[in-house]
Each structure stands twice: as structure tokens, then as C-alpha cells.
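J.:
Residue numbers (mature numbering (1 follows the signal peptide of the UniProt record, and there is no 0)): -18 to -1, 1 to 145.
Here it is in C-alpha cells:
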């Protein structure tokens, strides 16, 4: 969580140059209980700053909304990533995130609603590989590991610049 707050703070700094984009994604969540499709929309801001962390000065904050099949229900995720250029307009990234979900079966068996537990279930470590095209559009693949959910997701994204 500290990385998310650090990236948010850096993204608000006046010295940062930003690019905001929006797009669509689709993929699947895979666990010992099976595979279920997921898909949705996202908005993300990538910033370049004079401050370097772990050898990079590119940071991304993304928010995405997903519709998930099965009992998982829809969710809203917030991710923070560090990005490193890898040549030819491509880049790799790593980060962490979490979110809130709205399970179709809202009964947790506890004295509070199930969505209260979803930030733990949606907590993730992720890796990104992307390519920025000449048009400014980006195509990405993302793998998220969700330790509390004992599974992970594989996602493909297409993003379009908003400015």
C-alpha cells in the first residue's frame, strides 16, 4: 500500500508530465476452483517525473471496473505500477493494487457484508508488458497474482490517449 500512496503523491507533483488514457480489457481469473472470464473498462495516468525509484521515473496509476462471471461479481480496482522502457516502444512494469468487489452472494457468514473482505481478496502483485504504437494507443498484457484468493488473472488491455 505504501507504493500506491507514493505513486499517487508523485503523480500529483507539479514537475510530472502526464498522459491519461482510457480503454477496454478482457481476461480470465484462474484458481483451484476453475476459470472465470472478466472484462471491463479502465482509465490510467502515466507520469514521468524527475524523481527516480528503482531505476525508473515512469509511474502509473490505473483504475478499472470489471464485470466478472460467477459469484465474484463486479469489482473496482486501483493499481500502482513502475514502468521501465525495454526498447522499440515497448515497456515492462511491476506493481501492486487492490480494490473493492461486490459479490453476487453478499452473505459472508460474518456479522458484516461480504464486500468488506474484498480488498484483501483483490490485493495483487502484478506484472505488465506493453507496446506503445505510433498513434499513441497502447496494447498490454498483464498478469496479477492474488495470494489471498489463491489464484491469479491474465488480462489483455487496449488503451487510447485522451489528449
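We put the beta carbon where it would ideally sit given N, CA and C, even for glycine.
Expressed to the nearest angstrom, what Euclidean distance is found between the alpha-carbon atoms of residue 33 and residue 17?
T.: Their backbone Cα atoms lie some 40 Å apart in a straight line.
J.: Would the beta-carbon of residue 42 be found less than 7 Å away from any heavy atom of the ligand GDP?
T.: Annotation note on the ligand GDP: not contained in the displayed structure, which lists no ligands.
J.: Write down every uninterrupted run of the beta strand (DSSP E) in the stretch 10 to 48 whose length is 3 residues or greater and which is fully enclosed by it, in chain order.
T.: Taking only runs of at least 3 residues, the beta strand (DSSP E) segments lying wholly in the stretch 10 to 48 are 16 to 35.
J.: Suppose the cutoff is 7 Å on Cβ atoms and the five residues either side in sequence are ignored; what does the same chain contact list for residue 22 look like?
T.: Taken in chain order, the residues that qualify are 7, 46, 47, 48 and 49.
J.: Looking at chain B, is there any beta carbon in it that lies within less than 8 Å of the beta carbon of residue 108?
T.: Absent from the structure: chain B. Only one protein chain is present.
J.: Please name the residue, chosen from 83, 2, 111 and 136, that lies closest to residue 69 on a Cα-to-Cα basis.
T.: The shortest Cα separation from residue 69 among 83, 2, 111 and 136 belongs to 111.
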